[in-house]
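Trainee: My structure is below; once you've seen it, I'll send some questions.
Residue numbers (the working numbering): 91 to 272.
Next up, the structure:
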């Protein structure tokens, strides 16, 4: 008899093992049901609140004379020179053109200051170029060089009596670099 009890115990052990080894079907069905319920809830929620209201735009007519007299922007050529840089360990010569953007009302004063301080301006801009990291010249819009040059020129040209900057922006349309060791 003890042998029969062992045989039945051995037979029931594989049956229990085979039942536990399968996929957790109840869990899969429960997760699937929750996903379907959540999706249905989202669809129900979205249909209850309807579509967003249509966008209504109004045409705006621009008045050509809307810009105050003297506030039109103008470009003035500041420099067109060959500037050097050796920050990468190799000397590069950059054929650079620098323009400044000023309001029309400041044009005469800026041109007068350019004549008086051209030596200082050339020295300051060339030192910015000489100190610049090589990666600055690879930027698509040369943002770092533009920002540094703009800061320098704003400090050089100063502000007017009302506190407005005389220099609005700096443009660098040409900055072609080539190694100097060719």
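Beta carbons are placed, not taken as given, at the ideal position from N, Cα and C, and that holds for glycine.
This one's a predicted model, so the numbers in the text were calculated from it and none came from an experiment.
State buried or exposed for residue 247, treating a residue as buried only when at least 16 other CB atoms are found within 10 Å of its CB.
Mentor: When all chains shown are included, residue 247 counts as buried.
Trainee: Where do the ends of the alpha helix (DSSP H) carrying residue 162 lie?
Mentor: Unbroken run through residue 162: none, as it is neither H nor E.
Trainee: Quick check on residue 186: does DSSP put it in helix, strand or coil?
Mentor: If DSSP states are grouped into helix, strand and coil, residue 186 belongs with the strands.
Trainee: Since residue 189 and residue 165 should fall inside the 8 Å C-beta cutoff, what is the C-beta to C-beta distance between them, to a whole number of angstroms?
Mentor: Contact flag correct, Cβ pair sits at about 5 Å.
Trainee: For the stretch 212-226 against the stretch 129-136, do three or more pairs of beta-carbon atoms, one drawn from each stretch, fall closer than 8 Å, so that the two count as touching?
Mentor: Touching, no, given that fewer than three Cβ pairs across the two stretches are closer than 8 Å.
Trainee: Among the candidates 123, 251 and 126, whose CA atom is the shortest distance from the CA of residue 195?
Mentor: Of the candidates 123, 251 and 126, the one whose C-alpha sits nearest the C-alpha of residue 195 is 251.
Trainee: In this structure, how does DSSP classify residue 167 when only helix, strand and coil are distinguished?
Mentor: Residue 167 falls in the strand class under three-state DSSP.
Trainee: Can you tell me where the alpha helix (DSSP H) holding residue 223 begins and where it ends?
Mentor: Segment: none, residue 223 is in no alpha helix (DSSP H) and carries neither H nor E.
Trainee: Taking the alpha carbon of residue 213 as the point to measure from, which residue in 114, 242 and 160 has its own alpha carbon closest?
Mentor: Checking every option, the nearest Cα to that of residue 213 belongs to 242.
Trainee: Quick check: the Cα distance between residue 167 and residue 183, rounded to an integer number of angstroms?
Mentor: If I take the Cα positions, the gap works out to 20 Å.
Trainee: If you draw a straight line from the alpha carbon of residue 175 to that of residue 146, how long is it in whole angstroms?
Mentor: One C-alpha to the other measures close to 54 Å.
Trainee: So what does DSSP say about residue 255, is it helix, strand or coil?
Mentor: Note: residue 255 maps to strand in three-state DSSP.
Trainee: Have a look at the DSSP bridge pairing and note the partners of residue 269.
Mentor: 182, per the DSSP bridge assignment.
Trainee: Once DSSP output is grouped into helix, strand and coil, what is the label at residue 297?
Mentor: For residue 297 there is no data in the structure shown, the boundaries of the chain being 91 and 272.
Trainee: Quick one: Cα of residue 263 to Cα of residue 238, how far?
Mentor: When rounded, the distance between both Cα atoms is 16 Å.
Trainee: Over what stretch of residues does the alpha helix (DSSP H) that includes residue 128 continue unbroken?
Mentor: Segment 115-139, the alpha helix (DSSP H) holding residue 128.
Trainee: Could you check the C-alpha separation between residue 270 and residue 180 for me, to the nearest Å?
Mentor: The alpha-carbon atoms of residue 270 and residue 180 are separated by roughly 8 Å.
Trainee: Identify the residues that DSSP records as bridge partners of residue 264: which are they?
Mentor: DSSP lists 187 as partners of residue 264.
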